[in-house]
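So this is what it looks like as structure tokens:
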């Protein structure tokens, strides 16, 4: 009997210690750590009570050209053009739908937010992004977006209790996909795997050849709606927003289709358009407002000239913002 009481007291003390630790962490340490480690959720928790609409994205939202006189982000430009309501934006570089989803799950259904614009990058559906070497770092950040107690989330990040594929593992998977994944398309393609396609592209200029290879690796894929992880993420996003009574908008970012066409050929730009058409059809049928900007931004407005990019100068950002604002003004009253 005595031993049972003794163990009961010990268990009670342990429970009390854990409970107090959890309370103290959430009261004192959680917000500063979230600001540092879970920046997107930190912003959403602040913005949701002061905005009718949120804009969630990655670096395309805030990237600026050194020559820009207008340094505003896309979301700031959108907000300036809204006839009614207010929109704020948040972004983290290299984020994809798998990172957006847990943040969106945390939006309070009783908050002011009734409209949500989410960046949709075509490249994020391809093997090069799915098997990115940054994925382990992203998964660590994702710990802070979990719906468990903040202290549990912090311990999961600290103890490595999350998927953390190594850079070598990701590289192996990506190269295998480039070699073996067959591209299924209604577009007449010269080759049906990434490696075969890029290996037949030859330029006298090594830099031009390297850039053409980047375009093939970034865009020469066909979206498998049954198995693509980004499709699964966006599908669940639809369900979450529906349950919260939030109107969802997928903002398809512009890609440099003009360079894809000139460097690789019309088959690649045609494949890009086919994939976007597939996404537009799928999510419009689910009630999402689709904003298709795939070929809207001129080639001259893209940022990096030696890589595939969704970074735009001020003219490009203004074009995207105008398109999004025009659509939002139909719904935000």
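Numbering (this note's numbering), first residue to last: 87 to 419.
Cβ atoms here follow ideal geometry from the backbone N, Cα and C, with glycine treated the same way.
Every value quoted in this text rests on a predicted model; they were computed, and no experiment measured them.
In chain order, each alpha helix (DSSP H) run of at least 4 residues that lies wholly inside the region 282-323 = 292-305
C-beta atoms of residue 375 and residue 335 nearer than 7 Å = yes
Could you give the C-beta distance for residue 185 and residue 217, rounded to a whole number, given that I count them as a contact under 8 Å?
-> The Cβ separation is near 16 Å, so there is no contact.
Could you please give the first and the last residue of the uninterrupted alpha helix (DSSP H) stretch that includes residue 412?
-> 400-414
Which same chain residues, not among the five before or five after residue 179, have their C-beta less than 8 Å away from its C-beta?
-> 144 and 145
Between the region 271-282 and the region 247-254, are three or more C-beta pairs nearer than 8 Å?
-> no
Could you name the residues of the same chain whose beta carbon sits closer than 8 Å to that of residue 417, not counting the 5 residues immediately before and after it, in chain order?
-> 201, 333 and 375
Chain-order list of residues whose beta-carbon lies under 7 Å from that of residue 415 (same chain, five-residue window excluded) = 168 and 169
Evaluate contact between the region 349-361 and the region 388-401, counting only Cβ atoms and requiring at least three cross-stretch pairs below 8 Å.
-> no
Those runs of the beta strand (DSSP E) which lie wholly inside the region 176-218 and span at least 3 residues = 201-206
Please say whether residue 173 and residue 141 have beta carbons closer to each other than 7 Å?
-> yes
Touching by the beta-carbon criterion (3+ pairs, under 8 Å), the region 219-235 and the region 153-169 | no
Residue 281 to residue 229, Cα distance in whole Å?
-> 35 Å
Given residue 378, which residues of its chain have a CB within under 8 Å of its CB, disregarding the five upstream and five downstream residues?
-> 338, 362 and 366
Can you name, in chain order, every residue of its own chain whose Cβ lies under 7 Å from the Cβ of residue 108, other than the five neighbours on each side?
-> Caution applies to residue 108, whose pLDDT of 46 falls short of 50 and renders its modelled position unreliable; the value that the coordinates give is listed next. Once the five neighbours on either side are set aside, the close Cβ partners of residue 108 are 235 and 237.
Residue 388, enclosing beta strand (DSSP E) - first and last residue = Neither: residue 388 is in no beta strand (DSSP E) and is coded neither H nor E.
When we look at the beta-carbon of residue 298 and count the other beta-carbons within 10 Å, is it buried (16 or more) or exposed?
-> buried
With DSSP as the reference, label residue 155 as helix, strand or coil.
-> coil
Cβ-based burial, residue 115 [other Cβ within 10 Å; buried from 16] | For residue 115, the predicted structure reports a pLDDT of 48, less than 50, and the residue's modelled location is therefore unreliable. A value from the coordinates is still provided. With fewer than 16 Cβ atoms within 10 Å of its Cβ, residue 115 is classed as exposed.
In angstroms, rounded to a whole number, what distance separates the CA positions of residue 331 and residue 323?
-> 12 Å
Going along the chain, which residues of its own chain have a beta-carbon closer than 7 Å to the beta-carbon of residue 319, five neighbours each way excluded?
-> 183, 184 and 187
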